[in-house]
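Report on one structure; see the data block that follows.
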Amino acid sequence: MKTKQKNLYLLIGAFLLLVALLSSCVDVPTTGPTPPPLKAEYRFIHGAPDMGDVSITVDGVAAGNLPFKGVLPHAEYTSGTKTVKFSNGESVLLSMSTDYRGTFVFLNKVEGERTFLKIQERRVFDDPANKDSLTVRVANCSPDVGPVDITLEGTAGTASWTGLAYKGIGAYKKMPVGAYTLTVKAAGGADALTTTTVNVGAVTERNTIFVLGSQAGGSLSTLGVKDN
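Its first residue numbered 27, the sequence shown is counted upward by one per residue in this note's numbering.
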């Protein structure tokens, strides 16, 4: 009986030793596959007349040249914090949100610091076609004009945004296709600060109209861009 029990223990020991040897030969990865980098799509708009014409780099990679009211088209970047350097020696840190398509507008300095406005447009994987006919919005990007009232008037209709503060972004509004006169006034005021003609395209498009520049510096103006 003792001999059988001893043999059983020997068999169990041999089995455990075999398992240990086999386990040592298996290549068990310590980490999984490297995930792909997270992406974002952003464009840049020059809305700062005090900066002059500049070229810019994003994390050391050339992105293009920008005059006042110039627009660099959307490009793909890895998401996260980016260092944007200007050829005039300035730089800003920007945060690009994962899976978003958006815009950075560089603005006049405020108290010696370069400012900017970040606008999200849509998720990169969303259908770019506008389905609700909300076609136009406005944004106040002038640091010294104060709150403004903005109107769009044309034969096809009228829209207005009131009391829009600095860096304020008005809601999209439904505007039929056509030409409109855009007027910017101080909030509650009667006198136009600047006027321009704006063309609204197909209802499948979305547009943002920026109020840019400086009232005091005489550079107050507007710029319209497509968001899709």
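Just so you know, even glycine gets a beta-carbon here, dropped at the ideal spot from N, CA and C. Since the model is a prediction, treat every value here as computed from it, not as a measurement.
When only Cα atoms are considered, V150 and T124 end up about 9 Å apart. With fewer than 16 other Cβ atoms from the protein chains shown falling within 10 Å of its own Cβ, S121 counts as exposed.
A check of alpha carbon separations from K95 across L238, T188, G243 and K252 identifies L238 as the nearest. A Cβ-Cβ separation of about 7 Å places R140 in contact with F132 under the 8 Å criterion. Annotated three-state conformation of T230 is coil, per DSSP. By the 16-neighbour rule on beta-carbons within 10 angstroms, V164 is buried. Of all C-beta pairs linking the segment 217 to 232 to the segment 98 to 106, fewer than three are shorter than 8 Å, placing the two stretches out of contact.
The segment 150 to 160 and the segment 172 to 186 do not touch, with fewer than 3 CB-CB distances between them shorter than 8 Å. Per DSSP, reduced to three states, the secondary structure at Y126 is strand. DSSP places D85 in the coil class of the three-state scheme, outside both helix and strand. Counting C-beta atoms within 10 angstroms of its own C-beta, V203 has fewer than 16 neighbours from the protein chains shown and is therefore classed as exposed. Shown here for L178: same chain residues with a beta carbon closer than 6 Å to its own, the five before and five after excluded, namely A185, Y206 and L208 in chain order. Minimum Cα-Cα distance from Y198 among the listed residues E147, V80 and T83 corresponds to E147. Closest in C-alpha terms to A182, from the list T188, T220 and V224, comes V224. Residue environment analysis places N134 among the buried positions, since at least 16 neighbouring C-beta atoms fall within 10 angstroms of its C-beta. DSSP assignment within the segment 119 to 172 yields no whole alpha helix (DSSP H) run of 4 residues or more.
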